[in-house]
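J.:
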DNA sequence: ATCAATACGGTACATTTGTACCATATTAGG
DNA sequence: CCTAATATGGTACAAATGTACCGTATTGAT
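Residue numbers (our numbering), protein chains in the order written: chain A, 71 to 278; chain B, 71 to 278.
1. Taking 8 Å as the CB-CB cut-off, is residue 196(B) touching chain A?
2. Along the region 252-269 of chain A, where does the CB come closer than 8 Å to a CB of chain B? Name the residues.
3. So, does the CB of residue 142(A) fall closer than 8 Å to a CB anywhere in chain B?
4. Taking its Cβ as the centre, do 16 or more other Cβ atoms sit within 10 Å of residue 84(A), making it buried, or is it exposed?
5. Using CA atoms only, rank isn't needed, just tell me which of 101(A), 145(A), 139(A) and 103(A) is closest to residue 122(A).
6. Please state the DSSP three-state secondary structure of residue 135(A).
7. Tell me the rounded alpha-carbon separation between residue 94(B) and residue 108(B).
8. Can you confirm whether residue 243(A), when its beta carbon is compared against all beta carbons of chain B, has any partner nearer than 8 Å?
9. Please tell me whether residue 239(B) and residue 160(B) are closer than 8 Å, where the distance is taken between their beta carbons.
10. Give the list of continuous alpha helix (DSSP H) stretches no shorter than 4 residues that lie fully inside the region 169-244 of chain A.
11. Please compile the residues from chain B whose C-beta is within a distance smaller than 8 Å of the C-beta of residue 123(A).
12. So, at 8 Å on beta carbons, what are the nonlocal neighbours of residue 245(A) in its own chain, with the 5 sequence-adjacent residues on each side left out?
13. Looking at residue 155(A) and residue 214(A), is the spacing between their C-beta atoms short of 8 Å?
14. I'd like to know whether the C-beta of residue 230(A) is nearer than 8 Å to at least one C-beta of chain B.
15. Do we get a CB-CB distance below 8 Å when we pair residue 92(B) with the residues of chain A?
16. Report the residue from 259(A), 202(A), 106(A) and 204(A) whose alpha carbon sits nearest the alpha carbon of residue 151(A).
17. Note the first and the last residue of the continuous alpha helix (DSSP H) segment covering residue 261(A).
18. Can you confirm whether residue 184(B), when its beta carbon is compared against all beta carbons of chain A, has any partner nearer than 8 Å?
Laid out in structure tokens, this is it:
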């Protein structure tokens, strides 16, 4: 579910449409964004370690110089790309919220949503690469924490803080597993685990 | 608990004692191992991306040439270092097994052991870096899976497959969290979560 | 239409890094 | 004690990469 993939733009002169700059040339803002999007698309593919100016330039369809003028350093370009990636996860989180509010906070609905997430290689890689980045640079920790903490906040009102954290941890673990295995964990298995956590009545868990 | 830290050797001429080669020179086997250990010590510190021949040579107290002669490529050196790191985790797993068999498979004992793990920055980093490596190179996937799968195998006989997998996922998630936060999650919280999973009687879970 | 301002593309350079090499030091055997 | 074999350490080189620069093309204003 949820059409993702950062952006999916053509390689030639992306900004088409009714923008103030028609041809695509001389559009600093759009060009900068174009480069960031290329980087955000590339990181889940090749990993943070192999992200270079030249690779980004090639993917974005711009010259090497363009990738250096708009960003003080490669670190800055990386950071902005990671921010875009985090936004993708936040959008996914919003979709999850909508689905749960529609279908209810049941093990079935949560599992179904998680499985869709786990089957999307790019989304899983986005989450993992964010954790990598946060390990290499503590400044990026908030970005990496967005997904998990957002999940806890989403689930806590319905499940209570303990079950919410437990479910979030399980989902994180399942994502990590999916990132280093060809197939995600079995759906029925995950549903049983999440079901156990969600149905538990913790002493300090608010009933609703 | 468990004195870890890869090896903790001095920088000057590590191999002391009653080995066949007293001074430390002309000892290819020991020298090779010395280099691998330095790399295994370095990876959790600086991350896989910043591991270079020169950095390893400096830490091991050997020349640059030594790091290239004993390993066909940097990849090979990295792989062997990762294998050592995986062995450290396996040793930790064995310690966990011993503790659980002694104290029983209770939420309390499992949580206590997990908290000790989470408070050990190096151990946590080892686990995370192994996952990084497996993401970059599928050949290394088995190494990264050792910890989680070993945990499942350890817990399954006592808890059944579902609870075992659930607990392992929670522990993985907690490790990921610890790697990008100053403090691990609250101990009481984790114990409640693990307790819920461990006390659940799943329909298909063997009673013992 | 002309021109100043600015974005652009390609090149160049310094640094880092993986890898190969060679002279020297050290060891073991005769 | 002498010598051949081998380990060692420092150097050298090629490729990759981050970054700076410069001439050119494009744009909007006059």
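The C-beta atom is built at its ideal place from N, Cα and C for all residues, glycine as well.
Quick caveat, the model's predicted, so the values are computed rather than measured.
T.: Quick answer:
1. The beta-carbon of residue 196(B) is placed no less than 8 Å from the nearest beta-carbon of chain A.
2. Cβ contacts with chain B come from 255, 259, 262, 263, 266 and 267.
3. no
4. Because the pLDDT of residue 84(A) is 32, which lies under 50, any placement of that residue in the model is unreliable, and the number read from its coordinates should be weighed accordingly. Residue 84(A) comes out buried.
5. 145(A)
6. helix
7. The predicted position of residue 94(B) is uncertain, since its pLDDT is 43 and thus under 50; no value can be drawn from it.
8. yes
9. no
10. 177-189, 191-206 and 211-229
11. Result: empty, since nearest Cβ-Cβ is about 16 Å, beyond 8 Å.
12. 187, 188, 194, 197 and 198
13. no
14. no
15. Here residue 92(B) scores only 36 on pLDDT, less than 50, and its place in the model should not be relied on; the value that follows carries that caveat. Cβ-Cβ to chain A under 8 Å: no for residue 92(B).
16. 106(A)
17. 257-269
18. no
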